[in-house]
Amino acid sequence: MQITANKKVVSSETVTASPGKRPVRLQSLDALRGFDMFWIMSGEIVVHSLADATHAPAANWMSHQLSHSPWNGFTFYDLIFPLFIFIAGVSMPFSFSSQLEKGSSKKKIYGALIKRTLILIFLGMVVNGLFKWQGYENTRIASVLGRIALSCFFAAVIYLNSNLKQQVLWFAGLLLGYWAAMMLIPVPQFGAGNLTPEGNLAAYIDRLLLPGKLHRKVYDPEGLLSTIPAIGSAMLGVFAGEFLRWRQTQWNEAKKAAVLAIAGLILLAAGWVWNIVFPINKTMWTSSFVLCAGGWSALFLSLFYFVIDVAGWKKWSMPLVWIGMNSILIYVAAHGLINFEATASYLFGGLIKFTDVKWQPFWLAIGIVLVQMALLYFLYRKKWFLKV
Numbered sequence: 007m008q009i010t011a012n013k014k015v016v017s018s019e020t021v022t023a024s025p026g027k028r029p030v031r032l033q034s035l036d037a038l039r040g041f042d043m044f045w046i047m048s049g050e051i052v053v054h055s056l057a058d059a060t061h062a063p064a065a066n067w068m069s070h071q072l073s074h075s076p077w078n079g080f081t082f083y084d085l086i087f088p089l090f091i092f093i094a095g096v097s098m099p100f101s102f103s104s105q106l107e108k109g110s111s112k113k114k115i116y117g118a119l120i121k122r123t124l125i126l127i128f129l130g131m132v133v134n135g136l137f138k139w140q141g142y143e144n145t146r147i148a149s150v151l152g153r154i155a156l157s158c159f160f161a162a163v164i165y166l167n168s169n170l171k172q173q174v175l176w177f178a179g180l181l182l183g184y185w186a187a188m189m190l191i192p193v194p195q196f197g198a199g200n201l202t203p204e205g206n207l208a209a210y211i212d213r214l215l216l217p218g219k220l221h222r223k224v225y226d227p228e229g230l231l232s233t234i235p236a237i238g239s240a241m242l243g244v245f246a247g248e249f250l251r252w253r254q255t256q257w258n259e260a261k262k263a264a265v266l267a268i269a270g271l272i273l274l275a276a277g278w279v280w281n282i283v284f285p286i287n288k289t290m291w292t293s294s295f296v297l298c299a300g301g302w303s304a305l306f307l308s309l310f311y312f313v314i315d316v317a318g319w320k321k322w323s324m325p326l327v328w329i330g331m332n333s334i335l336i337y338v339a340a341h342g343l344i345n346f347e348a349t350a351s352y353l354f355g356g357l358i359k360f361t362d363v364k365w366q367p368f369w370l371a372i373g374i375v376l377v378q379m380a381l382l383y384f385l386y387r388k389k390w391f392l393k394v
């Protein structure tokens, strides 16, 4: 883990359109990553407080979409996590191909992957409160960052050691195998095919094998078995990245955006069909959820890619790029490292107290966004980026 201070902004999402041309950075990936991260760093607070203040139907609908489904179902907020994993997958073909072309050995790449995985697992435990140690039994090991680390690690291993046909077989095998396991392997006292919070196989494995504290007492939403299909979420990103990278001469940019959108619609349809027998469920990370989230991820990538990298409308996306290029840093900072609420209250509290009481949480949320964006803009201008 290191903070880099680069004179030029470079990244793994840098591609060469054709021999002899300068590398072109896919700004759409940074912007989409920033769009994704915005909602969990403070965007959700703005929407929830707006809904509380106005009770307007549109605001209430947005507030609902920025809340997780109670169990089965799908909301926009359920997309945030798999979209981030998908974007990480998109980056892999660019990153690894670039490293191999520069002469890096696979051994060196694996070393960096293992290091990154361990650092993200550690940072996830920090977010969970590792530095507020309350004993092993009260320490949560599983985490959002841990799942990102593990799913991307195994997706990277698959990508580096197999061709496209084999990758597709791996993807299908992971989703079908997980479905079969969840439906056919009996859980003591509940039997086979029980998909309730306490009775499903993934929850049982968490209670049996996952060390430390479970986030939901009888299961952990970032548990062991449910991380397996999350590898599929990363693989969908890998497929999108391979398509963007390897078909430069066969497809123009607009066609590629259209194909991504069509693929997204197909994945959505497949996910909802599978939902009939294996419900879309973010907590269990069901196979139908992987397809549904992957479909929406492909649609968002298609939109951002077309608008930003194809049409060239880039300026509007810069605030999202500030977030996207320091996404892990702002995630960790916003989840315990920095008290942005106290900072915003200190800076803007004197003004906020003169507003209507019911609007004060909304204006405080706006203040939090301003403080966070000021920090991210400063880091971007200084070219300071947290690289894991």
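First residue of the sequence shown: 7, per my numbering; consecutive thereafter. Built from N, CA and C at the ideal position, the CB exists for glycine as well.
Per DSSP, the bridge partner or partners of residue i
i	result
G197	V193
R427	Any question about residue 427 goes unanswered here, given that the chain covers just 7 to 394.
R213	Answer is none; R213 lacks a bridge partner.
N281	Bridge partners of N281: none, in fact.
N78	N287
R39	Beta-bridge pairing links R39 to no other residue.
R251	Looking at the DSSP assignment, R251 forms no beta bridge with any residue, so it has no partner.
R122	Its beta-bridge partners do not exist; DSSP assigns none.
Inter-residue spacing [alpha-carbon to alpha-carbon] between residue i and residue j
i	j	result
S308	M331	20 Å
N287	L89	15 Å
L72	R213	29 Å
E248	K321	27 Å
Y386	G238	32 Å
T202	C298	20 Å
V150	T349	25 Å
H74	K108	43 Å
I120	C158	11 Å
V327	G197	48 Å
Q378	E347	10 Å
A155	D362	44 Å
S127	A37	It should be noted that the sequence gives Ile, not Ser, for residue 127. For I127 and A37, the distance between alpha carbons rounds to 25 Å.
V174	L182	12 Å
Y383	Q172	42 Å
F312	S323	13 Å
E143	R251	46 Å
L381	N345	13 Å
N169	T60	53 Å
K14	K389	Because the pLDDT of K14 is 48, which lies under 50, any placement of that residue in the model is unreliable, and the number read from its coordinates should be weighed accordingly. Near 8 Å, if we compare the C-alpha coordinates of K389 and K14.
F284	I191	15 Å
K223	T233	18 Å
F341	L370	Note that residue 341 is His in the sequence shown here, rather than Phe. Taking the straight line joining both Cα atoms gives about 17 Å.
F70	F295	It is worth fixing the name first, because residue 70 is His in this sequence and not Phe. Straight-line Cα distance between these residues: approximately 19 Å.
K391	S333	The amino acid at residue 391 is misidentified as Lys; the sequence shows Phe. The alpha-carbon atoms of F391 and S333 are separated by roughly 9 Å.
I314	P194	52 Å
M131	N258	44 Å
A240	A94	7 Å
K397	W77	The chain is shown only over 7 to 394; residue 397 falls outside these bounds and no answer can be derived.
I272	S351	46 Å
L305	R39	14 Å
V53	F360	21 Å
For residue i, the three-state DSSP class (helix, strand or coil)
i	result
R222	coil
N402	This structure cannot speak to residue 402, because the chain is shown only from 7 to 394.
R28	Residue placement at R28 is poorly supported in this model, since its pLDDT is 43, which falls under 50; the coordinates still yield a value, given next. Three-state DSSP puts R28 in coil, outside helix and strand.
I344	coil
Sub-9 Å separation of residue i and residue j beta-carbons
i	j	result
G277	F92	no
A148	G229	yes
R122	A236	no
V316	A260	yes
Y83	W139	no
S97	L180	no
K113	L106	no
L32	F102	no
D42	K364	no
I86	I374	no
I329	M47	yes
Exercise. Does the region 356-364 come close enough to the region 335-345 to have 3 or more Cβ pairs within less than 8 Å?
Worked result: Touching, no.
Exercise. Is it true that the region 263-270 meets the region 176-193, where meeting means three or more beta-carbon pairs spaced less than 8 Å apart?
Worked result: Segment contact: the region 263-270 against the region 176-193, fewer than three CB-CB distances shorter than 8 Å; contact not assigned.
Problem set entry | Cβ pair count under 8 Å reaching 3, the region 160-169 against the region 214-226 | Output reads no: the region 214-226 does not touch the region 160-169.
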